[in-house]
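Per this note's numbering, the sequence shown runs over residues 9 to 1017. Heads up: the structure comes next, in structure tokens.
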Amino acid sequence: MKISIRARLLATTLVLMGTASPALAQEMATQAAGAQDQAAPAPAMQDGEADQGPDIVVTGSILRQTSTATPSPVTVLSAETLDRRGISTVQDAIQQLTSNNGPALTNSFTANGAFAGGASAVSLRGLSTSSTLVLFDGLRAAYFPLSDDGTRNFVDLNTIPDDIVDRIEVLRDGASSSYGADAIAGVVNVITKRQFKGVSGRAEAGISQDGNAANQRLTLTAGIGDLDDKGFNAYISAFYMRSEALYNRDIPRPYSTDDQRGICNSIACGPNNILNGLDEDGAFGIFNPVVSDFYVTPFDAANANALGRPQLLNPVRGCLNGPGHTLTPAELANSAANPTFACEEDQTYRYGQVTPALERFGGSARFTAKVGDDAEAYILFNFQQSSSAFSALPAVIRANANAGILYPRFSTSAGGAANAPGSGPLTLPVYVCAARVNCNAVNGTLNPNNPFAAQGQVARLSGRLSDTLTQNETRSRVYRVAAGISGTMFGDWDYKVEATAMHNDLRRTTNGYVYIQHLLDVIADGSYNFVNPQLNSKAVRDYLSPENVTDASSDMYQGQVTLGKALFDLPGGPLQLGVGASIRYEAIDAPSANDDYNGPTQRYFTLNAFGTSGHRTVYSAFAELNAPIVEQFEVNLSGRYDKYSSGQSTFSPKVGAKFTPIKQLAIRGTYSRGFRIPSFAEANALPTTGFVPLLPAGLPNSFLQQYGAACTNTNTPACPAYLTAATLGQTVLASPDLKPEKSRSFTAGIVFEPIRNLTFTVDYYNIKKTGAITQASTSEAIAAYYAGLPIPAGFQVIADAPSPAFPNARPRIAFVQSQLVNSDTIRSEGIDFSASGSFDISDRIHFSTSLEASYILDLSTTFADGTTESYEGTLGNFNLTAGSGTPKWRGSWQNTLTVDPFTLSATANYFGGYNLSAEDQNGAGTSGDCGLAPNPRYVPCDVKRYITLDAVGSVKVNDHFTFYVNVLNLFDALPPVDVVTYGATLYNAVQGGNGILGRQFRAGAKFNF
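Below, the structure is given as structure tokens:
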């Protein structure tokens, strides 16, 4: 099927170019109005406007040119484009690129305690955040101090100063020959305003139709001088933005609850995943103890034999967060670990958060001046602070700590050789004392928290701290300065000398997470009131869950010089040569926020031990030759050599060509080699643990049926929550001897302009990345464990604590450990379509249309043993994408009608559907088999496509004031239900991250003088 689709699309590419007509503009166009592969000449600068000057240096080239029609496909998004789409930040604009796919990072996903807390990153071509290079004015930016999944370096899109951005150029092609590392899938170049004169600003506020997710935006820019008239320009700019948090309880069902019984089809309805909730028949299954109510189970003094069932520690208080259920004799017979009375808790409704609270503010200042008749110099300063805040569940007390650095993890769930000494089920002793050890009747008192103390029995304790919510805050401060001078010397040599320095200061603050040793302390001395937690003092709570503040930073310093000259004339124009050299220093210092240097209990539950540090210097030399051999045929050659102080070096060549047989048609193509350097985290990081859902549908029945005869991989609702509500920790160990990833890519495309201002483009891309750095596939190790077979060499599988309800069953896996290796070959192949048109209907009426679509033909990984996993159109690569998957189609279509002084724009956003399968979960060849869907299948095997429509209306009152109103998600379309993804509750966080807010309104005013 894959081959036939590819063949049809490639054939269609040629047919479309031969039959293109204005009607096609209604079906294909660029990312937004004004987004196009060729930029129109800029009009003369007026007061309150920015100007970029006459020189054109297109992203991906170091040569000054008179045209942006290069062999490589480049999309340009102007500031006006973003306004017409109702997009308020550059971060949001880049996330909505149709070529952005797969493991992109959004603010909402990364602000929930994930590795790269509070950050945002783009993933062109689905090749991950580390294979897309982000530039500011053609210069590199500092990496975010934390890493995507604890391994991949990236530039945080939130560090972009939105208020001074003139345009965004997106090179949809490999560009290591120009920029070096990371430019495998493409380059996003954010270009700021060259000059500005006058005063302009805006005030904007928005809110959802339900009164949630309020947001505000203020900007102000002022500039004086004119480069042409006065020889200088200076401007300053400042902005402020904030958006309120949104919680699951504030959005409609089913996204607001763990109860999926309302999700039905002709086969079945979903389960009730509310903790200890009743099933569709009103029956109770197996008790889940991780509610916010404390339960205790009596054990003998040796803590070896249970003497009764679990019971509420404080039955007088009852259930805190939901109704309770008195179990019937039949329900009690299901398990000896079932209590006589069970408290329900809908954790998604109570605690789930959809988007974090965000706040950003900053300022910029630029001075630009003519230096003589042939040169221009500038200096630019930027400061920006971004903050995010996210709350989560109440703190856990009975848990497994994440993998440590020096010691085995500590567990209050179970003992065993895999855990640190002293681990074992969390237990309230008979006696408590100030000494905290060897407490007895002589030096201590009966434990007031243990209801069985008078009988000489200990009490095993479970539950969460109802008085302590876990909270995560990040505050990123970015300082950047850039300066340069460019001009002409010796009559015909173009030169440019630039330098930049950027520092990112990141502070992570967490509250509410239990410090393990302090938990053991308060249990031993009785200082924490478990019977009635709300009576604890702030001092006691702070001791049990002390605030954790961790500072991290990153730095980047770069100096670069380029020279260009027209050597001589060819029949098609001047032969241009460009050469350059660059040196840069980059460093990251991100200490662990949860190390175990002082012992396995001197750390927190839940928080990761991730940390890394390192620095390196990169020396580079590069060159480019542009040869218009004849008027109809142009060839471009470029190459770059990079040498790293860490020992790696590589040469990256590229060749491009453009053939214009007639004025209306251009055929273009490129071939290039590229590379990605191992990140600091991949080479130097401390052990890093990420979590993915445990999926019973992929486990053997021989294992599952230990948990009940009805529990099978085709009847997962019959399995206990121990299996259906569990996660698997994947611990990655760094490898200092990793080599750079290498890439080969080529593009081929057609640009067709049948009439002026109507353009169609089709571009095919094919990228192959070899020696991809990856965690060795854990699927064989996991399968071996569940089958009871020996674990393959190179892996360590750590079993979890047994289920209290099934103590004799083989436990689920808690962690799998493995190292990073250069192993895989990754392929990404697809086609980009675009069309754009701009029409003056009369002196007062103008219409423009633009549409862009990207189709993924192949996104796959081939492993060292020759097996290949394909991900396009599925939830794969499941682990890498956080379950957001790889839809084949993504597109947008914008239409703008201006009837002076009114403007109305409408933008349709299309996000393709996908199958509930993933070959990295169920094995090669399982793509499209619905293998991740629950059984019985109460949802379709395919998640539907998702379409939203945004509308923007504005009125230009006069030359100085414009008022506008945005209606985002005009038809209040909520994302399709996805019960498998884990980046959000029942919807895909990448597909529906904006749409989940429902219909939103924004209104604002802009002024300029």
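A virtual CB, placed ideally from N, CA and C, is assigned to each residue, including glycine.
Is the beta carbon of residue j closer than 9 Å to that of residue i?
i, j, result
"LEU746", "ALA691", "yes"
"GLU594", "VAL548", "no"
"ARG317", "PRO347", "yes"
"ARG611", "GLY125", "no"
"ALA560", "PRO895", "no"
"ALA617", "PRO695", "yes"
"GLU252", "ALA365", "yes"
"LEU924", "ILE853", "no"
"TYR879", "SER962", "no"
"VAL824", "THR739", "yes"
"LYS1038", "TYR679", "There is no way to answer for residue 1038, as the model of the chain reaches only from 9 to 1017."
"PHE814", "TYR730", "yes"
"GLY586", "GLU632", "yes"
"GLY68", "ALA189", "no"
"THR7", "SER826", "The requested residue 7 is not part of the displayed model; the chain covers only 9 to 1017."
"PRO7", "ALA426", "An answer regarding residue 7 cannot be provided, because it is not within the stretch 9 to 1017 covered by the chain."
"LEU328", "PHE349", "no"
"VAL759", "LEU703", "no"
"SER136", "ALA598", "no"
"LEU514", "THR482", "yes"
"GLN361", "LEU283", "no"
"LEU883", "VAL988", "yes"
"ALA344", "VAL466", "no"
Name, in chain order, the residues that DSSP records as bridge partners for residue i.
i, result
"GLU353", "LEU283"
"THR620", "ALA598"
"SER826", "VAL740"
"GLN224", "ALA213 and ARG250"
"PRO582", "ASP577"
"GLN525", "None; GLN525 has no bridge partner."
"PRO701", "THR735"
"TYR652", "VAL626"
Just confirm the distance between the C-beta atoms of residue i and residue j, as a whole number of angstroms; I'd bet it's less than 8 Å.
i, j, result
"VAL951", "PRO262", "VAL951 to PRO262, Cβ: 14 Å. No contact."
"VAL486", "THR720", "Actually they are not in contact, since the Cβ atoms of VAL486 and THR720 sit about 52 Å apart, beyond 8 Å."
"TYR794", "PHE886", "The pair is not a contact, with the Cβ atoms about 18 Å apart (cut-off 8 Å)."
"PHE204", "THR229", "6 Å"
For the alpha helix (DSSP H) that residue i lies in, which residues bound it at each end?
i, result
"PHE711", "709 to 712"
"LEU731", "729 to 732"
"LEU340", "337 to 340"
"GLU690", "688 to 692"
"LYS546", "546 to 552"
"ASN930", "927 to 930"
"LEU90", "87 to 93"
"GLN99", "98 to 103"
"ALA795", "787 to 795"
"TYR995", "Run containing TYR995: none; DSSP gives neither H nor E here."
Identify which residue in the options has its Cα closest to the Cα of residue i.
i, options, result
"ILE637", "SER628, THR668 and SER653", "THR668"
"GLY891", "PRO701, ALA443, ASP597 and PRO798", "PRO701"
"ASP563", "ALA462, SER590 and HIS511", "HIS511"
"ASP218", "ASP980, GLY991 and ALA997", "ASP980"
"PRO948", "ASP848, ILE806 and ILE275", "ILE275"
"VAL489", "TYR439, ASN390 and PRO554", "ASN390"
"ALA509", "GLY520, GLY492 and TYR523", "GLY492"
"GLU860", "PHE630, GLY278, VAL770 and LEU867", "VAL770"
"ALA1013", "GLY134, ALA997, VAL960 and VAL987", "VAL960"
"ALA507", "LEU978, ALA149 and THR869", "ALA149"
"TYR946", "LYS777, PRO725 and THR857", "PRO725"
"LEU165", "SER185, LEU135, THR114 and ASN943", "THR114"
If you follow the beta strand (DSSP E) that residue i is part of, which residue opens it and which one closes it?
i, result
"SER858", "853 to 870"
"PRO669", "657 to 670"
"ALA1013", "1008 to 1016"
"ASP502", "501 to 519"
"SER484", "472 to 497"
"GLU367", "365 to 379"
So with Cβ pairs under 9 Å, would you call residue i a contact of chain B?
i, result
"VAL987", "The structure shown contains no chain B; it holds only a single protein chain."
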